[in-house]
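Okay, so here's the structure we're looking at.
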Amino acid sequence: MGKGSNLQKKQAARAKHEKEANKPQGGGGQAGKASRTGANAPKVICQICRTEFLASQGHSQLQGHVDNKHPKNTFAECFPGHE
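Our numbering puts the sequence shown at residues -2 to 80.
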């Protein structure tokens, strides 16, 4: 067999395919949507307009929401219990 024979190519392709087949599935469709979109992540909800924010967002981003959307209200009125 010469250099780069079909047998070697086929074995390499088979090994690559097996490696990819052993990876866990990404959870496509409705089954994996929650994990892809963060639907199960904890959320903070503005009590005035009911807009949801991920709990991982910083105070400055929430304060920006209060300043832009509810300038007459305080941060505590929009997000009670959040510091």
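Glycine residues also receive a C-beta, built at the ideal position from the N, C-alpha and C atoms.
Whether residue i touches residue j by CB criterion (9 Å)
| i | j | result |
| --- | --- | --- |
| Phe50 | Lys40 | yes |
| Cys46 | Phe76 | no |
| Thr71 | His62 | no |
| His56 | Glu74 | no |
Reduced DSSP category for residue i - H, G, I as helix; E, B as strand; rest coil
| i | result |
| --- | --- |
| Phe72 | helix |
| Lys40 | strand |
| Glu80 | coil |
Nearest-angstrom beta carbon gap, residue j and residue i [assumed within contact, 8 Å]
| i | j | result |
| --- | --- | --- |
| Ala38 | Ala52 | 7 Å |
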